[in-house]
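Sequence positions in the sequence shown follow the numbering used here and run 37 to 416.
We put the beta carbon where it would ideally sit given N, CA and C, even for glycine.
Everything on this sheet refers to the single structure shown next.
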Amino acid sequence: MSKTKLIPGLLFALGVSLHANEPAMTTAPVRSFMLDKEDMSVKVSYNRVNDTIDIFDLKQKELGSTANFGTIGDSSGLDISLAYGVDEFYALFYNYEHLTLNYIDSQLKNNKNDLFLKVLVYRNPTAFFETLTADVGYVRNSADDLDIKDSAQLNKMIQKVNPIPGLSIDGSVISYKNKLLVYYDAVTNKPISPFVRIGDLSDNSLYLRLLTGFHYETNIVDLYTGLKYTKINTTVSIEPHDAEPMNTHLRNAGYEPVNLDRNEKTWFLGFNYTVEFGNFILDTNYEYLTIWGRSDAIKKTDDNHIINAALSYIVNKNLLVFVGGKLMLHQFNGVIPYLYNKYTKNKYDKKYGYAKIGFVYNFDTSKLFGSATSTGYTSY
C-alpha cells in the first residue's frame with residue numbers, strides 16, 4: 037500500500053493529496069477519523085431554497101401555503117464549522133447554523149449551536165475497520181418569539197390551539213358572546229391589538245455518537261450510531277399578557293396559555309461514502325433517526341431520513357469549493373425538535389431540502405505559531 041496522508045474530520049475534514057490514488061478533502065457531515073495534531077479546518081456554506089433554487093422540486097409538491105401552522109416555506113441560511121486537533125487522542129468541533137424559514141406568514145430565525153469533543157478509542161491501520169472514535173456533544177436550537185398579528189391567521193391559531201366558541205379578534209376589537217370589547221393602553225390611551233405569541237422556542241440536547249471507518253485508495257467509508265436526549269420548550273399565548281381586563285375576560289371564556297414543553301430521546305445511525313476522482317470529490321451521507329418518549333397526543337411521525345450530497349473541486353492542497361444539497365424526508369423532525377408538536381405533527385410527512393454552496397479551508401496552526409510540527413498520527 038502506498039503511503040497515504042489522511043486528515044479526516046467531522047463535518048468537513050480537509051486533507052492533502054500526496055499521490056494520485058489516495059483520499060483527499062471531504063465535506064461529509066460526520067467522520068470517524070481524527071484530525072492531525074494542531075490541524076484546524078474551517079467550513080462555510082450558504083444554504084437556500086425558493087422558487088428558483090429548488091433542486092428537490094419541493095415547492096409545489098410538498099410545501100403548500102405557509103399560512104398553515106406547521107408548514108415551512110422558503111429558507112436561507114449560513115453554516116460555519118470549525119475543528120481543531122488538540123492532540124493524537126482529542127479534537128474539538130463547533131458548528132453554527134443560522135436558518136431563516138418562512139413560517140406562518142412570518143419568518144422564524146433558528147440558531148443552532150453544536151459543540152462536541154471527539155475522542156480516539158481505537159486505531160489500527162492494518163485492520164479492516166481502521167479506527168473507532170466517540171463524539172460527546174451538546175446542541176441547542178433557539179429562535180426569537182413569533183408574534184401572529186394578522187387577524188385571519190390569529191383567529192385560526194386561537195381556535196386550533198385553544199378553541200373558544202364565539203370568540204374572534206379583528207384588530208383591536210374582541211368579539212365574544214355578542215359583545216364587542218376594546219381595551220386601551222393606560223399610558224398612550226391607544227387601542228390594544230391582541231396577538232398570539234409562540235414563545236420560548238428552544239431545544240437542548242446531549243448526545244453520544246460512536247463511529248468507525250476504513251479507506252481504500254481514493255475511497256473512504258464511515259459508519260456511525262448514537263443516542264440523543266432532548267429537552268424542548270415552547271409556549272403559545274395571547275398577548276399582551278398584562279393587558280387588563282382583557283386577560284380576565286379571556287380566562288373567563290376558558291382561555292389559558294398552552295405549554296408544549298416535553299422531553300424525548302432519539303436513536304440514529306448513518307454512513308458516509310467519499311470518493312476522489314481527478315480534481316473532484318463526491319461526498320454522500322445518509323442518516324436515519326427514530327424518536328421515542330413522545331406522548332400519544334403527538335405521536336404521528338417519529339422518524340426521519342436525512343440525505344446530504346456534495347460535489348467538490350480541489351483548488352489546491354488547502355482549499356476546496358463545493359456545491360450540494362440536503363434532503364429531509366420528514367421536514368425538520370428530530371433536526372429542529374421544537375418545531376414538532378401536537379399542532380404541527382400532521383405536516384411532518386412532507387419532504388424538505390435546500391441547495392448549498394461553500395468552501396473548506398485547512399491549515400496547520402503549528403506553522404502559524406511556531407509550535408511543534410504535526411505528529412502525523414493519522415498518516416499511514
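Return the CA-CA distance between residue i and residue j, expressed in angstroms with no decimal places.
i	j	result
I268	A222	36 Å
F165	V257	9 Å
F231	K73	54 Å
Y376	T266	13 Å
L318	W328	34 Å
S241	K301	9 Å
L404	D186	55 Å
V218	P199	21 Å
Y82	A346	13 Å
L71	D123	8 Å
T162	T310	20 Å
N299	D239	9 Å
E312	T320	12 Å
V294	D339	25 Å
V66	D141	35 Å
H341	T62	21 Å
F250	N160	10 Å
Y130	I184	34 Å
T284	S331	31 Å
A179	Y374	10 Å
D236	Y139	16 Å
T224	N288	26 Å
L286	V85	40 Å
G361	G173	25 Å
Using a Cβ-Cβ cut-off of 6 Å (strictly less than) and excluding sequence neighbours within five positions of residue i, which residues of its own chain qualify?
i	result
I234	L182, V272
K148	E133, N177
Y158	L168
E275	F231, R233
K226	none
I393	Y82, V359
D206	S187
V175	D150, S241
A170	V155, V157, L246
G412	Because the pLDDT at G412 is just 34, under 50, the model does not fix this residue reliably, and the point stays unresolved.
Here's a check: name, in chain order, each residue in its chain whose Cβ is nearer than 7 Å to the Cβ of residue i, leaving out the five neighbours to either side.
i	result
T337	H366, N369, K381, Y384, D385
I372	N146, N177
V357	S348, Y349, V351, F395
K213	G202
G306	V66, Y260, N321, Y322, E323, Y324
S204	N191, S211
Apart from the five residues on each side of it in sequence, which residues of its chain come closer than 8 Å, Cβ to Cβ, to residue i?
i	result
L216	V209, I210
Y220	K226, P227, I228
I89	With a pLDDT of only 46 at I89, under the threshold of 50, the placement of this residue in the model should not be trusted; the figure read from the coordinates follows. Closer than 8 Å at the Cβ level, and outside the excluded window around I89, lie Y390, A391.
I334	R298, Y376, N377, K378, K381
L114	V80, S81, Y82, N83, E133, H134
Return the bridge partner residues of residue i from the DSSP annotation.
i	result
T62	T62 is not bridged to any residue.
T169	L156, L247
R84	S112, A391
L365	According to DSSP, L365 bridges with nothing at all.
Y212	K215
G121	A127
P227	Y220
V232	I184, I274
I372	Beta-bridge pairing links I372 to no other residue.
F313	F316
T326	W303, D339
D239	N177, I268
D206	V209
Q195	BP columns for Q195 are empty, so no partner.
A345	T320, G361
N283	Partner(s): none; N283 has no beta bridge.
E133	D115, K148
T380	DSSP output for T380 lists no bridge partner at all.
K79	S117, V396
Y260	L247, G306
L417	Residue 417 is absent from the structure shown; the chain starts at 37 and stops at 416.
Just confirm the distance between the C-beta atoms of residue i and residue j, as a whole number of angstroms; I'd bet it's less than 8 Å.
i	j	result
Y324	F304	7 Å
L153	L128	6 Å
F125	L151	Wrong, their Cβ atoms sit about 18 Å apart, outside the cutoff.
A64	N308	4 Å
L244	L259	Actually they are not in contact, since the Cβ atoms of L244 and L259 sit about 15 Å apart, beyond 8 Å.
L296	T270	4 Å
K326	S68	Inspection of the sequence shows that residue 326 is occupied by Thr rather than by Lys. Contact doesn't hold; Cβ gap of about 22 Å is too wide.
Using a threshold of 7 Å, is the CB atom of residue i nearer than that to any non-hydrogen atom of the ligand COA?
i	result
I200	As presented, the structure is devoid of all ligands, the ligand COA included, so that no description of it is given.
At least 3 beta-carbon pairs within less than 8 Å: the region 117-125 vs the region 76-86: yes
The region 191-209 touching the region 250-265, judged by at least three CB pairs closer than 8 Å: no
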